[in-house]
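Please read the structure below before turning to the comments.
Number of protein chains: 2
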Amino acid sequence: MHDRTAVSRPTLEAVAARAGVSRATASRVVNGGQGVRTALVERVRKAVDELGYVPNRAARTLVTRRNDAVGVVIAEPGSRVFSDPFFARHLRGISKELAAHDSQPVLLLVEEAGDYDRVGRYLAGGHVDGALLFSLHDDDPLPAITRRIGMPTVYGGRPGRADAAGDRSLLYVDSDNRGGAREAVRHLVGLGRRRIAHIAGPLDQVASVDRLDGFRDVLIDADPRLIVEGDFTPGGGERAMAELLDRCPDLDAVFAASDLTASGALRVLRERGRRVPEDVAVVGFDDVAEVAELTDPPLTTVRQDIEGMGRLMARLLLRSLEEPDDPAERLPLSSVIIPTRLVRRASA
Amino acid sequence: MHDRTAVSRPTLEAVAARAGVSRATASRVVNGGQGVRTALVERVRKAVDELGYVPNRAARTLVTRRNDAVGVVIAEPGSRVFSDPFFARHLRGISKELAAHDSQPVLLLVEEAGDYDRVGRYLAGGHVDGALLFSLHDDDPLPAITRRIGMPTVYGGRPGRADAAGDRSLLYVDSDNRGGAREAVRHLVGLGRRRIAHIAGPLDQVASVDRLDGFRDVLIDADPRLIVEGDFTPGGGERAMAELLDRCPDLDAVFAASDLTASGALRVLRERGRRVPEDVAVVGFDDVAEVAELTDPPLTTVRQDIEGMGRLMARLLLRSLEEPDDPAERLPLSSVIIPTRLVRRASA
DNA sequence: GAGAGGCGTGAGAGCGCTCTCACTCGGTCC
DNA sequence: GGACCGAGTGAGAGCGCTCTCACGCCTCTC
Chain E
1 MHDRTAVSRP TLEAVAARAG VSRATASRVV NGGQGVRTAL VERVRKAVDE
51 LGYVPNRAAR TLVTRRNDAV GVVIAEPGSR VFSDPFFARH LRGISKELAA
101 HDSQPVLLLV EEAGDYDRVG RYLAGGHVDG ALLFSLHDDD PLPAITRRIG
151 MPTVYGGRPG RADAAGDRSL LYVDSDNRGG AREAVRHLVG LGRRRIAHIA
201 GPLDQVASVD RLDGFRDVLI DADPRLIVEG DFTPGGGERA MAELLDRCPD
251 LDAVFAASDL TASGALRVLR ERGRRVPEDV AVVGFDDVAE VAELTDPPLT
301 TVRQDIEGMG RLMARLLLRS LEEPDDPAER LPLSSVIIPT RLVRRASA
Chain W
349 MHDRTAVSRP TLEAVAARAG VSRATASRVV NGGQGVRTAL VERVRKAVDE
399 LGYVPNRAAR TLVTRRNDAV GVVIAEPGSR VFSDPFFARH LRGISKELAA
449 HDSQPVLLLV EEAGDYDRVG RYLAGGHVDG ALLFSLHDDD PLPAITRRIG
499 MPTVYGGRPG RADAAGDRSL LYVDSDNRGG AREAVRHLVG LGRRRIAHIA
549 GPLDQVASVD RLDGFRDVLI DADPRLIVEG DFTPGGGERA MAELLDRCPD
599 LDAVFAASDL TASGALRVLR ERGRRVPEDV AVVGFDDVAE VAELTDPPLT
649 TVRQDIEGMG RLMARLLLRS LEEPDDPAER LPLSSVIIPT RLVRRASA
């Protein structure tokens, strides 16, 4: 198929010949130069420069079994993780951290059921040293695959029960969804609000459940009619807000599980003549992209450090790749929860 | 450094032994089975299944010089291309197309000047078959690098003069920025607007210039005071709008070079008591993410097919990788301009 | 001055695959 | 009936690199 005519690049052999040393010595120099006389190191370096030598990674991988690449698997690009702002930020953090360790992210998007197979084969094919998995639903086959082939894996977001059941020592990085939600609701309480509603995210996602739990942590005996499930979209926010207002016209605050949800809620509140924040205070969640600043009024929201999350995922993965074979020498690695913080704007 | 203990995978040798054939025959079967007796094909296939054999891509790459991977280089992640919505959509289109050809995108972000070196080395290292370049400014060293090493490259967005000068046959995919701008302005004219302003994007970017050109195509002798340079952000839109209103209080329409810019403009218009669209009609550009729907009123805007752009870039690159060595046999490849279309909402 | 010990270097095997080339074998042609 | 042929198969070289191991040389010790 691809019939690339290789632009022939100099080999290590050529470098060695030019420097008047053996291939072995040239290799040593290229890989750090430990235990080679300074004079020779310099001769080889010079030859490398003159020839413009760049090691052939395929050859190197073949013998070292190291790829210097990790797979970034994103399942369901229609979903939340992929939804624009998250995705780009995650990737940026991941890329930065990997680049610092001379490793590269290989992107693997799963769009349809058939893609799992392709991605599974790719991972099993040993083209990457490890995997970063953004996988949301419980029946995702990928965790089982990486576990079976013994590929180091770090999850983005706390995995659901089914995944966790298989391996207690599973590594993940997540935002402090629960803590962030608590802070948001406490803020509303602090403002003197007494009828605080919650528009949740889809409750089959762990993050949604965590945020709902945080809400309940503060409002232990919240009126169940004040809780409605949304879907993280503006439209869902509109529908949920309308329902809430119908059910409980006396509500005086809303904690929405995402900024987009909140933006929909704001629109309905405005249509129904409720002033924000005077009549109803609104708090969102995410603070990514410009959404929270675009709304009218600008949204008070819980900020997540998505880029930091990506960076930490990569770091955790790189660490587990470095692990010595001897289990006794292994440094203990553990999952990380990244703190969130409330950003106050005009809506609450 | 990375001391991965390889989970030893079966080799082609093992498959051959189990199937009772030579390695060569096993290889033929794995690569399609051309010219092998059906009986043998089946024996080998069975052995592959039983052993769970997956070809070692490094070994294959070493001999075929094909990577089945392409580099996706994004320079200046702070910039427009990277800005969330674009990035994810591009990548999605690219990934889909590549996946269909069993190739994978390797992500290369350039954050700081020093990264050019790293990325350049990576590309030169022959780890990818080709490159998709999102590079915006004229002094970007990457085009020169890919040209020098003879690596097939497709650009996202029409390159600036400096790049194009080096190679006339350069391949790129771009949105019809100029045509889209024309359509937007014609729409405003059709609404009977006579004092139409333009908030441009940063004029060192080709897309901004193209949109401005489209504006001018329709309004050949536009009052220069009705044109202000913005920066694609809401804040820039606010400043530009304020300036425009000060200069020309009689303006009755604004064509903003991006939706974010338009959202800032809308806010200023509201503050100054201008009704949209009654007093001032507003049209944006992009229609990605939910921005245009979030604004109040929802924004009329020019939609770009970003995902399609990504897909086409990948397709163009794959095609140029397939090119036969004999120049006479080459199918002519040419750059593509993807149409845009006006999406009418409430603001104009 | 002879033996021990280290350090630096080179030879060579081998990573897992593809691909060329030579060989075999059954069938066809004159 | 022998030369020819094409299809199917296997042997083996080689892709560019790393890494083990053995060897040579130099320094040190008694």
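Sequence order for the protein chains is E and W. First residue of the first sequence: 1, per my numbering; consecutive thereafter. First residue of the second sequence: 349, per my numbering; consecutive thereafter. C-beta atoms are modelled at their ideal positions from N, C-alpha and C, and glycine is treated no differently.
C-beta contact flag for V280 (chain E) and D252 (chain E) at 8 angstroms: Yes, the pair counts as a contact, with Cβ atoms nearer than the cut-off.
L608 (chain W) and F563 (chain W) closer than 8 angstroms at C-beta: Against a cut-off of 8 angstroms, the Cβ pair of F563 (chain W) and L608 (chain W) comes out as no contact.
With 16 other Cβ atoms within 10 Å as the buried cut-off, status of S370 (chain W): By the 10 Å Cβ count, S370 (chain W) comes out exposed.
Chain W contact for S22 (chain E) (CB, 8 angstroms cutoff): Cβ-Cβ to chain W under 8 angstroms: no for S22 (chain E).
Contact with chain W by D3 (chain E), beta-carbon distance below 8 angstroms: Per-residue confidence for D3 (chain E) stands at a pLDDT of 37, beneath the threshold of 50, marking its modelled position as unreliable; the derived number appears in the next sentence. Under the 8 angstroms criterion on CB atoms, D3 (chain E) is classed as interfacial with respect to chain W.
A222 (chain E) in three-state terms, based on DSSP: Coil at A222 (chain E), not helix or strand.
V454 (chain W): contacting residues in chain E (beta-carbon distance under 9 angstroms): The contacting residues are A69, Q104, P105, V106, L107.
Min CB distance H475 (chain W) to chain E below 8 angstroms: Yes - at least one Cβ of chain E is within 8 angstroms of the one on H475 (chain W).
Through-space distance from P646 (chain W) to R506 (chain W), alpha-carbon basis: Cα to Cα, the separation comes out at about 30 angstroms.
Proximity of E591 (chain W) and V576 (chain W) at Cβ, strictly below 8 angstroms: In this structure, V576 (chain W) lies closer than 8 angstroms to E591 (chain W) by Cβ.
Between the CA atoms of G478 (chain W) and A492 (chain W) - distance to the nearest angstrom: Taking the straight line from one Cα to the other gives about 14 angstroms.
Where S347 (chain E) falls, given that 16 or more other Cβ within 10 Å makes a residue buried: Counting Cβ neighbours within 10 Å, S347 (chain E) comes out buried, since at least 16 surround it.
Neighbouring residues, chain W, relative to E111 (chain E) (Cβ below 7 angstroms): By Cβ distance, chain W contributes K444.
For P297 (chain E), the residue or residues it bridges with in DSSP: BP columns for P297 (chain E) are empty, so no partner.
Nonlocal neighbours in the same chain, by C-beta distance under 6 angstroms from Y122 (chain E), ignoring five residues either side: Excluding the 5 residues flanking it on each side, Y122 (chain E) has no same chain C-beta neighbour closer than 6 angstroms.
Buried or exposed by the 16-neighbour rule on C-beta atoms within 10 Å, applied to L266 (chain E): Around the CB of L266 (chain E), 16 or more other CB atoms lie within 10 Å, so the residue is classed as buried.
Three-state secondary structure (DSSP) of G508 (chain W): Correct three-state label for G508 (chain W): coil.
Where P582 (chain W) meets chain E, residues with beta-carbon distance less than 9 angstroms: E290, E293, L294, listed in chain order.
Closest residue to L317 (chain E) among E:T25, E:A16, E:A69, E:D49 (Cα-Cα distance): Residue E:A69 is the option with its Cα nearest to L317 (chain E).
In DSSP terms, what A604 (chain W) is bridged to: Looking at the DSSP assignment, A604 (chain W) forms a beta bridge with W:I547.
Listed by chain order, chain E residues near A374 (chain W) by CB distance under 9 angstroms: Residues of chain E with a Cβ closer than 9 angstroms to the Cβ of A374 (chain W) do not exist, since the nearest Cβ in that chain sits about 17 angstroms away.
Three-way DSSP call (helix, strand, coil) for M349 (chain W) in this model: Below a pLDDT of 50, predicted positions are generally treated as unreliable, and M349 (chain W), at 36, falls in that range; the measurement from the model is reported next regardless. Coil at M349 (chain W), not helix or strand.
Endpoints, beta strand (DSSP E) assigned at G130 (chain E): Note, G130 (chain E): beta strand (DSSP E), 130 to 134.
Partners in chain E for A613 (chain W), counting only beta-carbon separations shorter than 8 angstroms: Among the residues of chain E, none has a CB under 8 angstroms from the CB of A613 (chain W); the nearest is roughly 12 angstroms distant.
Presumed contact (8 angstroms Cβ cut-off) between T300 (chain E) and V343 (chain E), rounded CB distance: Rounded, the Cβ-Cβ distance is 7 angstroms, consistent with contact.
Residue(s) in a DSSP beta bridge with Y520 (chain W): As computed with DSSP, Y520 (chain W) is found in a beta bridge with W:Y503.
G656 (chain W) versus W:T359, W:V421, W:R440, W:V411, residue with shortest Cα-Cα distance: Among W:T359, W:V421, W:R440, W:V411, the Cα nearest to that of G656 (chain W) belongs to W:R440.
Among W:Q553, W:L481, W:E531, the one whose alpha carbon lies nearest that of G508 (chain W): For the set W:Q553, W:L481, W:E531, the Cα lying nearest the Cα of G508 (chain W) is the one of W:Q553.
Residue-chain proximity (V343 (chain E), chain W), Cβ-Cβ < 8 angstroms: Closer than 8 angstroms: no.
Within 8 angstroms, strictly: CB atoms of A197 (chain E) and V302 (chain E): No; because the gap between Cβ atoms is not below 8 angstroms, this pair is not in contact.
7 angstroms Cβ shell around L539 (chain W) - same chain, five flanking residues per side excluded: Hits under 7 angstroms: A629, A696.
Paired residues, beta bridge with A423 (chain W) - DSSP: DSSP, once it has assigned bridges, lists W:V458 as partnering A423 (chain W).
Identity of the residue in W:L456, W:G474, W:L481 nearest G52 (chain E) by Cα: Out of W:L456, W:G474, W:L481, W:G474 has the C-alpha closest to the C-alpha of G52 (chain E).
L317 (chain E) (DSSP reduced to helix, strand or coil): Looking at L317 (chain E) - three-state DSSP - the assignment turns out to be helix.
Bridge partners - Q452 (chain W), DSSP secondary structure assignment: In DSSP, Q452 (chain W) forms a bridge with W:A417.
C-beta contact flag for G71 (chain E) and V128 (chain E) at 8 angstroms: Result yes, Cβ atoms of G71 (chain E) and V128 (chain E) sit closer than 8 angstroms.
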